[in-house]
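Scroll down for the structure; my scribbles are underneath it.
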Amino acid sequence: MEHYDEEPVPHPAPSMLVFAEPMLVASKRGGGGLPVPVPETAVTSETVEFLNAILPPREWTEEDSATWRQFALPLAASREITAAVQRKLDAELVDRQARPSGLCSIREELFSQTFDEVIREVTLLCPERGLLLLRSRDELRLTMSAYRTLYESSTAYGTRRLRAATEGKAELQADVDFLEAECERSRARVNEARVAVQAVERKWAATRAADEERRKQELQFLLFQNQEMTRFAESAGESMAKLRLELRGHMGAAELQAEAKAAEAALASSSESESDSSSGDDESGSGTGSGTGSEGEEGESGEAGPAASGGAGGGDAADDGKSPA
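So in numbering that gives the first Met the number 0 the end of the sequence shown lands on 324, straight run, no missing numbers.
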């Protein structure tokens, strides 16, 4: 197989899989070369073909444009080869600074090559076991590939989401700043409104206290005025009662004087009548006149009595008539 268009590879990368000696496939200078003789083994040609089918040979091109091919070693594994592979694996892990845990591509590559070496050793002993291990390896690689694809897709999705979030972060930050400023303005307005409400409440409380004090003073003044008016009415009633009594006393004295004057007039008239009768009659007539005079005195006293009582009644009536006035 010739690879004239490929870049020349100076030497293949080291591998944990044990290969046989390389053989020259083609060369621009001298054409194809003879394969390097492989040591004879007890493995049959069918087993070797099966081994080459499951573990294909590797090829590379050196600087002199010579193409080399190298097959897996068709030699049954021995204890020394297995121990050498183990020592080489440990050395490669240390030299290439593979991580002891977690995801590490270097450790994955080295253990994959070691698994190929195990497949080679088992295939030389039993091709069926080698095929089973090959299927297990392919299934494991498919699983790892699926996990790798899932990881890469999730990483890409996360990167896109992060980029989208980062792109809108400036706008969101501007919105947050605007809302914070609006909140500060709202808080300032609330504080101003609270101060205004407190001022109105204080003013209203002062006005209410002044109104209550004014009403209290007015009430006290009205109560005092009511008490004074009551006292004045009581004193005026007492004065009117005294005045009525005094008026009633004065009216009674005037009536007594009038009655006395009437009695005096009656006595004067009776004395005059007696004197006239005594001058015209005899002595018997004088006796009769004295009797008549006594009867006249009784009649006058009887007339004075009703007159006095009528005067007193008139005084009371006059008092009763004036009292309503």
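All residues carry an ideal CB built from backbone N, CA and C; glycine is no exception.
May I ask which residues mark the beginning and end of the alpha helix (DSSP H) holding residue 119? Walking along the sequence shown from the start, residue 119 turns up at place 120. Here the alpha helix (DSSP H) through residue 119 covers 104-124.
Checking the sheet assignment: what are the DSSP bridge partners for residue 158? Walking along the sequence shown from the start, residue 158 turns up at place 159. Answer by DSSP bridge pairing: none, since residue 158 is not bridged.
Simplified DSSP assignment, three categories, for residue 24: Here the question's residue 24 lines up with position 25 in the sequence shown. Three-state result, residue 24: strand.
Touch test, the segment 82-90 against the segment 50-62, Cβ-Cβ under 8 Å, three pairs minimum: no
Of the residues 73, 111 and 67, which one's Cα is nearest the Cα of residue 15? Along the sequence shown, read from residue 1 onward, the residue named residue 15 stands at position 16. Among 73, 111 and 67, the Cα nearest to that of residue 15 is on 111.
Helix, strand or coil at residue 340 [DSSP, three-state]: The chain is shown only over 0 to 324; residue 340 falls outside these bounds and no answer can be derived.
Are the segment 111-120 and the segment 129-146 touching, with three or more C-beta to C-beta distances below 8 Å? As far as the Cβ criterion goes, the segment 111-120 touches the segment 129-146, which means the pair count is three or higher.
Given a cut-off of 8 Å on the beta-carbon distance, is the pair residue 24 and residue 58 in contact? Residue mapping note: residue 24 aligns to position 25 of the sequence shown, counting from 1. Residue mapping note: residue 58 aligns to position 59 of the sequence shown, counting from 1. Yes, the pair counts as a contact, with Cβ atoms nearer than the cut-off.
Starting from residue 43, trace the beta strand (DSSP E) in both directions and tell me its first and last residue. On the sequence shown, residue 43 is found 44 positions in, with the first residue counted as 1. It is not in any beta strand (DSSP E) - residue 43 carries neither H nor E in the DSSP assignment.
Is the CB-CB distance between residue 72 and residue 118 below 8 Å? The residue you call residue 72 lines up with position 73 of the sequence shown. The residue you call residue 118 lines up with position 119 of the sequence shown. Not in contact: residue 72 and residue 118 (Cβ atoms no closer than 8 Å).
Measuring CA to CA, which of 192, 11, 172 and 154 is closest to residue 69? Within the sequence shown, numbered from 1, the residue matching residue 69 stands at position 70. Per the Cα distances, 11.
How would you call residue 67, buried or exposed, if buried means at least 16 neighbouring beta carbons within 10 angstroms? As a first step, residue 67 is located in the sequence shown; it is residue number 68 there, counting from the start. Buried, because 16 or more other Cβ atoms sit within 10 Å of the Cβ of residue 67.
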